[in-house]
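Take a look at the structure below.
See the structure below:
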């Protein structure tokens, strides 16, 4: 199982193409309200993360993911 | 903050449409001139967005059966199938559906939504897994959310992606329901069901296929994509609707699993609603017979589909990936889609306007559906209406 720090680093890498280059990502970055991802982009991002980690992210947990920290915490349970 | 804040985006769109004087959602059909022509929002139009695939809504035999049923059994059942709402005709229709699909068991629901939502919400529960196609209909998404199962979606019609997700489940595959559609409602594309069935054979799980838009269209007997692709035995549950090819309203599920008779007593959308009205059941029974007796309806439907699809392609529009009775024109700009929808109406063609999130991706659609009842001349008139649109891709087609 990857460590939390490794997870968050990999999340930054997968997320980078979805945001403007000048945006600096932090664990507190909010996917929708701050980074401006549409619901469709969130789903595409999740697909990229699923491929990267070779996991399936259940739709059920998406309402609990607001920030990148939330995402990393959920991934620790799935990987 | 108020309860109503979340509706503001809808209110804003409605206000914008009111400002330009266009209301594509809930267009009013004021008078029918034939199964394929009507007056909609004050315009006499060819109906090219009604899902009336076999054109049976005004079939004299269906109408006579419905009228007789009303006279003999009344206008409604006034009760659930579990209480007073099971009439002999409901049971007969279930038997006829089972025979038609060559399955042992059938359940009739009051709507297609109740059938798909109900089965998706009931077959799997907490502790189980549902793996569904990303472009599944809203009724399936509603159902799986209600189920309490773990929900995993796979990329639309991507068999490799489905396979990966089934592999990752390990032993949980024994408690997994896979959900796909036969023909997808928005773009009219066909599911790669034979490949999906092969993956299911390799990994396991149960497979539910929604054939709402493929009943009466495909297969030697019109049973849908599963029949066309020769994998009916691999499909555990087929669900669908009476409101398209069969020209009425209602839904069904058929299966060879004897447990379907137990599921009947657990599906809340079956139990806690009134059963279909006698006239609906009567016309549906006749339509199901006509579907089998008149294979030429399928031939006409596909001739019309090809004519519209090729015609729109030649006009330069970005059409669906496959020839299908559902032909969707993709438009990137939402405002242009609204303007074009209105222009089509004014030039005598009613089609469906579909905008995100109802459309796949972030584009809008002008979604056409053809009918066996359309004449080639009517398809030409639909194309003539499209030809009036300013389509940059078509060069001089302004």
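Protein chains in written order, with the working numbering: chain D, 1 to 79; chain E, 1001 to 1398.
Where is the CB? At the ideal position from N, CA and C, for every residue including glycine.
The structure displayed is predicted, hence computed values, not measured ones.
| query | result |
| --- | --- |
| Residue 1200 of chain E classed as buried or exposed, judged by whether at least 16 other C-beta atoms fall within 10 angstroms | buried |
| DSSP bridge partner residues for residue 1368 of chain E (one or two, in chain order) | E/1327 |
| Neighbour flag for residue 55 of chain D against chain E, beta carbons, 8 Å | yes |
| 3 or more residues per run - each beta strand (DSSP E) lying fully within the segment 1270-1328 of chain E | none |
| Nearest-angstrom Cα separation, counted from residue 1182 of chain E out to residue 1309 of chain E | 19 Å |
| C-alpha distance - residue 1052 of chain E paired with residue 1215 of chain E, whole-angstrom precision | 12 Å |
| DSSP bridge partner residues for residue 1252 of chain E (one or two, in chain order) | E/1108 and E/1240 |
| Residue from E/1202, E/1242 and E/1210 with nearest C-alpha to residue 1227 of chain E | E/1210 |
| Residues that residue 1362 of chain E contacts on chain D, provided the C-beta gap is smaller than 8 Å | 38 and 40 |
| Cross-chain neighbours of residue 60 of chain D in chain E, by beta carbon under 8 Å | 1150 and 1151 |
| Cβ of residue 1067 of chain E within 8 Å of any chain D Cβ | no |
| At least 3 beta-carbon pairs within less than 8 Å: the segment 1344-1357 of chain E vs the segment 1275-1293 of chain E | no |
| Inter-residue spacing [alpha-carbon to alpha-carbon] between residue 1277 of chain E and residue 1087 of chain E | 10 Å |
| Chain D contact residues for residue 1168 of chain E, given Cβ-Cβ distances below 8 Å | 54, 55 and 56 |
| Contact set between residue 1202 of chain E and chain D, taken where Cβ atoms lie within less than 7 Å | Chain D residues near residue 1202 of chain E: none, gap ~17 Å exceeds 7 Å. |
| Environment of residue 13 of chain D [buried if 16+ CB atoms lie within 10 Å] | exposed |
| Residue 1300 of chain E to residue 1071 of chain E span [Cα, whole Å] | 34 Å |
| CB contact below 8 Å: residue 1334 of chain E versus chain D | no |
| Residues of its chain near residue 1291 of chain E, where Cβ-Cβ distance is below 6 Å and the 5 sequence neighbours each way are ignored | 1216 and 1222 |
| C-beta neighbour in chain D for residue 1190 of chain E, strict 8 Å | no |
| Residue 1354 of chain E (DSSP reduced to helix, strand or coil) | strand |
| Residue 1207 of chain E beta carbon less than 8 Å from that of residue 1173 of chain E | no |
| Residue 1149 of chain E (DSSP reduced to helix, strand or coil) | coil |
| Neighbourhood of residue 1232 of chain E by C-beta, 6 Å cutoff - its chain only, sequence neighbours within 5 removed | 1226 |
| Residue burial classification, residue 1075 of chain E (beta-carbon count within 10 angstroms, cutoff 16) | exposed |
| Per-residue DSSP class, three states only, for residue 1037 of chain E | strand |
| Nearest candidate by alpha-carbon position, reference residue 1141 of chain E, set E/1122, E/1158, E/1127 and E/1159 | E/1122 |
| Residue 1002 of chain E classed as buried or exposed, judged by whether at least 16 other C-beta atoms fall within 10 angstroms | exposed |
| Cα-Cα separation, residue 1268 of chain E to residue 1118 of chain E | 7 Å |
| Simplified DSSP assignment, three categories, for residue 1031 of chain E | strand |
| Three-way DSSP call (helix, strand, coil) for residue 1166 of chain E in this model | helix |
| Residue-chain proximity (residue 1165 of chain E, chain D), Cβ-Cβ < 8 Å | yes |
| Proximity test, Cβ basis, 8 Å: residue 1155 of chain E and chain D | yes |
| Alpha-carbon to alpha-carbon, residue 1385 of chain E and residue 1395 of chain E | Reliability fails at residue 1395 of chain E, whose pLDDT of 47 lies under 50, so the model's placement of it is uncertain and the value that follows must be treated cautiously. So the alpha carbons of these two residues sit roughly 17 Å apart. |
| Residue 1046 of chain E - DSSP class collapsed to helix/strand/coil | strand |
| Validate contact between the segment 64-78 of chain D and the segment 3-18 of chain D using beta carbons, cut 8 Å, 3 pairs | yes |
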